[in-house]
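FYI, in this note's numbering the residues of the sequence shown are 2 to 392.
Positions of the beta carbon are idealized from the N, C-alpha and C atoms, including for glycine.
All remarks here apply to the structure that follows.
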Amino acid sequence: MIAPVMPTYGAPELAFEKGEGVYLYASDGRRFLDFGAGIAVAGLGHCHPHLIEALTAQAEKLWHCSNLYQIPEQIRLAERLVAASFADSVFFNNSGGEAVELAIKMARKYHSANGNPERYRVITCDGAFHGRSLATIAAGGQEKHLVGFGPVVDGFDHVAFGNLNEMRAAIKPETAAILVEPVQGEGGIRPMSLDYLKALREIADEFGILLMLDEVQCGMGRTGKLFAHEWAGIEPDVLATAKSLGGGFPVGAVLAKEGPASAMTAGSHGSTFGGNPLAMAVGNAVLDIILADGFLARVDAVARRLWSKLEGLSEKYPTVFEGVSGAGLMVGLKCIPPNSTIVDKCTEGGLLVVGAGSNMVRMVPPLIIEDEHVDAAMAIVEKAASELAAE
Numbered sequence: 002m003i004a005p006v007m008p009t010y011g012a013p014e015l016a017f018e019k020g021e022g023v024y025l026y027a028s029d030g031r032r033f034l035d036f037g038a039g040i041a042v043a044g045l046g047h048c049h050p051h052l053i054e055a056l057t058a059q060a061e062k063l064w065h066c067s068n069l070y071q072i073p074e075q076i077r078l079a080e081r082l083v084a085a086s087f088a089d090s091v092f093f094n095n096s097g098g099e100a101v102e103l104a105i106k107m108a109r110k111y112h113s114a115n116g117n118p119e120r121y122r123v124i125t126c127d128g129a130f131h132g133r134s135l136a137t138i139a140a141g142g143q144e145k146h147l148v149g150f151g152p153v154v155d156g157f158d159h160v161a162f163g164n165l166n167e168m169r170a171a172i173k174p175e176t177a178a179i180l181v182e183p184v185q186g187e188g189g190i191r192p193m194s195l196d197y198l199k200a201l202r203e204i205a206d207e208f209g210i211l212l213m214l215d216e217v218q219c220g221m222g223r224t225g226k227l228f229a230h231e232w233a234g235i236e237p238d239v240l241a242t243a244k245s246l247g248g249g250f251p252v253g254a255v256l257a258k259e260g261p262a263s264a265m266t267a268g269s270h271g272s273t274f275g276g277n278p279l280a281m282a283v284g285n286a287v288l289d290i291i292l293a294d295g296f297l298a299r300v301d302a303v304a305r306r307l308w309s310k311l312e313g314l315s316e317k318y319p320t321v322f323e324g325v326s327g328a329g330l331m332v333g334l335k336c337i338p339p340n341s342t343i344v345d346k347c348t349e350g351g352l353l354v355v356g357a358g359s360n361m362v363r364m365v366p367p368l369i370i371e372d373e374h375v376d377a378a379m380a381i382v383e384k385a386a387s388e389l390a391a392e
């Protein structure tokens, strides 16, 4: 007999009943240092007092009214994101997948509005993960996500990761946009080089197509800047983000320059729950903290400590680890044994980490971690590595 909860997540055993800062507490009383952060969602840790205050205050006033009416906190959050980024306009929805879906729609609508409706195809990179809708699994192009969901949605061309020659060769008269993750998450914590990102901007300008970035996981401060592309000194035309934007409350957003944003006229898109008062109150509270003076610099500093420690462990245990990749506090530890073995041993030791493609152990801790948390986590990883090395 099938379980009441549809069995798409396997049968996890751990259940948590409380979170506090960088820790989660299981129903059996065990405490875990959380370096998974709900897959990079709890960017400010669990039950952050400022977020609780904002959510509670809003919950006592208004939960939902729909976008048929003006939502002042939505306007405020949009204005703050515009002021802090490349964007001229923002649309709010509920998740990263929805945000990427809108970006794809926006690429088509932009070219159609400019007299080129034949431009509808989007180029993506091998190893990408852009969401779980029919269009976004087609954009990702990974067989494990596509099997059983055919026919595959048309409109996507895939090129090798980091290969500019293939990217150029893939551009056709029907091409509308390039869509990439500055740091691939599910694909194995693979960062695109800054030179590659700069070249993509140049290619998009040369061919008159949009450069769209999926910063659902690597955005909102995770790399030590508000958005990962800032390290390359470029600006996209469209950007999808989510995860840490709500700190655990479901909220996603599409940020866009005036050109593509202007194509989205009244009635061309919508969301029942997107931009609701609860989500906007929390989003603004998140920005209060992330945009505060010194916050992102501290994220960068603690990330460098984490990288140094991980690189040291990789060198010390060459039969267990092959190296480290990623950016900022989005880090992948390449494993030689199955990554699930490392994940399980870390869990046994009280550290939560997450698997990723290419046999990676993914570490995406809350942005509020301190040096002491890094040291405690590395002690658990080292114990796991030493046990595996001795086998």
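- With fewer than 16 other CB atoms across the displayed protein chains lying within 10 angstroms of its CB, Val6 is exposed.
- Straight-line measurement puts the Cα of Pro366 at about 30 Å from the Cα of Ser90.
- Boundaries of the beta strand (DSSP E) harbouring Lys335: 331-336, taken from the DSSP string.
- Under the criterion of beta carbons closer than 8 Å, Gly333 and Ala241 do not qualify as touching, at roughly 21 Å.
- Between Gly141 and Ala129, the C-beta spacing is below 7 Å.
- Partner residues in the beta bridge of Gln185, as assigned by DSSP, are Arg191.
- Residue range 211-215 is occupied by the beta strand (DSSP E) that includes Asp215.
- By the neighbour-count criterion, in which a residue is buried when 16 or more other Cβ atoms sit within 10 angstroms of its Cβ, Met2 is exposed.
- A contact between stretches requires three or more CB pairs, one per stretch, nearer than 8 Å, and the segment 242-252 meets this requirement with the segment 35-52.
- With a minimum length of 4 residues, the unbroken runs of alpha helix (DSSP H) contained wholly in the segment 64-137 fall at 73-85, 97-114.
- Ala257 is bridged by DSSP to Ser90, Val239.
- Ranked by Cα distance from Phe157, the first of Glu175, Asn164, Glu54 is Glu175.
- One Cα belongs to His47, the other to Glu21, and the distance between them is close to 5 Å.
- Secondary-structure assignment with DSSP links Glu203 through no beta bridge to anything.
- Contact annotation: Phe274 and Asn164 have beta-carbon atoms that are not nearer than 7 Å.
- The Cβ atoms of Leu147 and Asn285 do not sit closer than 7 Å to each other.
- By the neighbour-count criterion, in which 16 or more other beta carbons inside 10 Å mark a residue as buried, Asp155 falls on the exposed side.
- The Cβ neighbour count for Ser86, taken over all protein chains shown within 10 Å, is at least 16; the residue is labelled buried.
- Contact fails between the segment 69-78 and the segment 211-230, because fewer than three Cβ pairs, one in each stretch, are under 8 Å apart.
- In terms of Cα proximity to Met213, the closest of Glu312, Gly189, Gly260 is Gly260.
- Under DSSP, the beta-bridge partners assigned to His47 are Gly22.
- In the three-state reduction of the DSSP assignment, Ser28 falls in the coil class, being assigned neither a helical nor a strand state.
- Cys66 is classed as exposed because its beta carbon has fewer than 16 other beta carbons within 10 Å across all chains shown.
- For the pair of segments examined, the segment 233-240 was found not to touch the segment 50-67: the number of CB pairs separated by less than 8 Å stays below three.
- A check of alpha carbon separations from Pro152 across Leu135, Gln143, Glu167 identifies Leu135 as the nearest.
- Note that the segment 348-359 touches the segment 182-197; at least 3 beta-carbon pairs, one per stretch, sit closer than 8 Å.
- In the three-state reduction of the DSSP assignment, Ala386 falls in the helix class.
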